[in-house]
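Colleague:
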Amino acid sequence: MSIIFHLDLDAFFVSVEEIIDPSIKGLPVIVGADPDSGRGVISTCSYAARKFGLHSGMPIAEAFRKCPNGIYLRGHMKAYSFYSKQVKNLLSDYAPEIEQASIDEFYMDFTGTEKIYGNHYDFAKFLQKEIFDKIKLPSSIGIATNKTIAKIASDYRKPMGITEVKSGKEKDFLLPLKISAIPGVGKVFTRNLHKLGIYYVKDVFAYSERYLESVFGKSGKFLWKKANGFGKSRLNHFYNQKSISKERTFKEDIYTKKYLEKTLFKLTEQVSQELRNKNKIAATISIKLRYSDFQTFTRSKTVNPTNDDKIIFDIASELLNKMNKRRAGIRLIGVALSNFKDSTDQLNLFDNQKIIRANMFSAVNSIRNKFGFTSINVGIK
Ligand code: TTP
Ligand code: MG
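This is the structure in structure tokens:
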């Protein structure tokens, strides 16, 4: 049985703004678009602002009507990334395995750690206090046997909450919750579920799995599984220590395919270089895309293990083309390599082409290690 913690920072952007300017603590603070512009939405707002009915994604003009005396800030993206890294570093000191799921949320696998850290609830309290004392950020933690329940649990009692759902109690915990508490059940799905009289998780059981699937397809099946307390326990390898990853956040949303491919090319060059420095070859190539509305997707492909820039880039761009079907702008792109083997396993001695490429890359590596990454460019297109 697994033990997964999900830690989510409370009102994250606002909490960072409160570190930058402590005089705004406790006030209705809104980070997002400029209300004078009349366009754009709230990124997030303080709990004091939430009392006025404000929330992430609300049009800024509506927010201003509801809360004209709020403090409206545009935000400091660099500071948010900096604090996010601080939190990750601190958690990495304790968590054997960690997956960062967004800028302010982390899954950690603490299976089998009771002997080292004591009971899970007290340890979660300790972690929460460490982050608050050392980084000055409030957070909430959910503890459960899988990722889905842990995420729902971290959201259950916010801010500065800790919720533990013991093994076997998953369904009891879920039944009284609103259907929208299930991650992935968005606005439109919620509205459609209301039409069937499904307002709470317990209402799902008025219908059979087959019926829900017949009405909603895959989403119906997904809903049934989640309502029954099922979820994954394995952390996503995109972020764990057994992978090499690089990502880039754009200042402006990107719509041009060419520019995305160029960025992807640079990133694959960098991860491949790091891979070769470690004398490894990787079998799994993953890419990650975040759209302007913060929806984030990853996709992976497993192939014959390689450390060859060209092969890695070709697979990464194939994944990109398969994935990028939406019209929305792209805010972030990332690439990760995982599933490593030692590079000595790789070469078939009779494969001359491979040996030539391997020798070339080894030469490129030593030049780059000596003179810096940009000292040499390898054309692979
Ligand atoms: P959340 O964790 O969803 O929100 P939060 O941390 O502000 O508040 P909570 O206490 O409920 O966890 O998102 C983390 C950050 O991501 C948030 O501070 C701002 C940003 N964000 C957006 O920019 N737009 C959005 O629509 C959402 C949901 C978040
Ligand atoms: Mg949060």
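Sequential numbering from 547 applies to the sequence shown in the working numbering.
In this text, a Cβ means the ideal position worked out from N, Cα and C, and glycines have one as well.
What does DSSP give as the partner residue(s) for Tyr618 in the beta ladder?
Modeller: Paired residues: Ile576.
Colleague: Going by the DSSP bridge assignment, what does Lys571 pair with across the sheet?
Modeller: DSSP, once it has assigned bridges, lists no residue as partnering Lys571.
Colleague: Exposed or buried, Pro722, counting other C-beta atoms within 10 Å across all chains shown (16 or more means buried)?
Modeller: Looking at its Cβ environment, which holds fewer than 16 other Cβ atoms inside 10 Å, Pro722 is exposed.
Colleague: Quick one: residues in its chain with C-beta nearer than 8 Å to the C-beta of Ser713, no 5 flanking neighbours on either side, listed in chain order?
Modeller: Hits under 8 Å: Met547 and Thr691.
Colleague: For the putative contact between Thr694 and Lys772, defined by C-beta atoms under 8 Å, what is the C-beta separation to the nearest angstrom?
Modeller: The pair is a contact, with the Cβ atoms about 6 Å apart (cut-off 8 Å).
Colleague: Report yes if the CB atom of Leu673 is closer than 7 Å to the CB atom of Ser561, and no otherwise.
Modeller: Result no, Cβ atoms of Leu673 and Ser561 do not sit closer than 7 Å.
Colleague: Could you compute how far the alpha carbon of Glu559 sits from the alpha carbon of Gly621?
Modeller: The question names Glu, but residue 559 is Phe in the sequence shown. Approximately 7 Å, taken between the alpha carbons.
Colleague: Can you tell me whether DSSP reads Pro705 as helix, strand or coil?
Modeller: Pro705 falls in the coil class under three-state DSSP.
Colleague: Look at the alpha carbon of Ser765 and the alpha carbon of Glu759, and state the distance between them as a whole number of angstroms.
Modeller: Near 7 Å, if we compare the C-alpha coordinates of Glu759 and Ser765.
Colleague: Label Leu893 either buried or exposed according to how many other C-beta atoms from any shown protein chain fall within 10 Å of its C-beta, with 16 as the threshold for buried.
Modeller: Residue placement at Leu893 cannot be trusted, given a pLDDT of 45 that sits under 50; what the coordinates show is reported in the next sentence. That one is exposed.
Colleague: Since Ala609 is in the alpha helix (DSSP H), which residue starts that stretch and which ends it?
Modeller: Where Ala609 is concerned, the enclosing alpha helix (DSSP H) stretches over Ile606 to Lys612.
Colleague: Between Phe840 and ligand 2, is there a pair consisting of the residue's CB and a ligand heavy atom that are separated by less than 6 Å?
Modeller: Result no, Cβ not under 6 Å from ligand 2.
Colleague: Using only the alpha-carbon positions, how far apart do Tyr753 and Lys767 sit?
Modeller: If I take the Cα positions, the gap works out to 12 Å.
Colleague: Please name the residue in Asn853, Thr842 and Phe652 whose C-alpha comes closest to that of Val817.
Modeller: The option with the nearest alpha carbon to Val817 is Asn853.
Colleague: Could you compute how far the alpha carbon of Phe678 sits from the alpha carbon of Phe669?
Modeller: Distance between the alpha carbons of Phe678 and Phe669 is about 14 Å.
Colleague: Could you work out which residue in Glu755, Glu798 and Ile827 is closest to Lys788 when comparing CA atoms only?
Modeller: Out of Glu755, Glu798 and Ile827, Ile827 has the C-alpha closest to the C-alpha of Lys788.
Colleague: With a 10 Å radius around its C-beta and 16 neighbouring C-beta atoms as the bar for buried, classify Arg756 as buried or exposed.
Modeller: So Arg756 counts as exposed.
Colleague: So, Gln646 versus Ile681, is the Cβ gap smaller than 7 Å?
Modeller: No, the Cβ-Cβ distance between Gln646 and Ile681 is not below 7 Å.
Colleague: What's the C-alpha gap between Leu895 and Lys868?
Modeller: Because the pLDDT at Leu895 is just 43, under 50, the model does not fix this residue reliably, and the point stays unresolved.
Colleague: How about Gly586 and Ala594: do their beta carbons lie closer than 7 Å?
Modeller: No, Cβ-Cβ distance for Gly586 and Ala594 is not below 7 Å.
Colleague: For my contact list, Ala727 and Leu810 are in at a C-beta cut-off of 8 Å; report their separation, rounded to the angstrom.
Modeller: 36 Å between Cβ atoms; not a contact.
Colleague: Among Phe719, Ser589, Lys612 and Glu608, which residue has its Cα nearest to the Cα of Lys597?
Modeller: The shortest C-alpha separation from Lys597 is found at Lys612.
Colleague: DSSP beta-bridge partners for Met654?
Modeller: In the DSSP output, where bridge partners are listed per residue, Met654 has Phe551 and Ile644.
Colleague: With which residues is Thr842 paired in a DSSP beta bridge?
Modeller: Bridge partners of Thr842: Arg836.
Colleague: Just to confirm the assignment, what range does the alpha helix (DSSP H) spanning Ser561 have?
Modeller: Element bounds for Ser561: Phe558 to Ile566.
Colleague: Taking the continuous beta strand (DSSP E) assigned at Gly880, which residues delimit it?
Modeller: Taken as a continuous stretch (DSSP letters only), the beta strand (DSSP E) holding Gly880 covers Ile876 to Asp888.
Colleague: How many Å lie between His601 and Gly730 at the Cα?
Modeller: Roughly 18 Å separates the two Cα atoms.
Colleague: In the DSSP output, which residue or residues are listed as bridge partners for Phe793?
Modeller: Note that residue 793 corresponds to Glu in the displayed sequence, not to Phe. In DSSP, Glu793 forms a bridge with Gly880.
Colleague: What did DSSP end up calling Phe896 once you bin it into helix, strand or coil?
Modeller: Its pLDDT being 44, under 50, Phe896 is placed unreliably by the model, and the measurement read from it follows with that caveat. If DSSP states are grouped into helix, strand and coil, Phe896 belongs with coil.
Colleague: Could you say which of Lys697, Asp650 and Leu866 lies nearest to Ala625 if we only look at CA atoms?
Modeller: Checking every option, the nearest Cα to that of Ala625 belongs to Asp650.
Colleague: Can you give me the Cβ contacts of Glu864 inside the same chain, cut-off strictly under 8 Å, excluding the 5 residues immediately before and after it?
Modeller: Cβ neighbours of Glu864 beyond the five flanking positions: Lys847.
Colleague: On the three-state DSSP scale, how would you describe Thr691?
Modeller: Coil, per DSSP.
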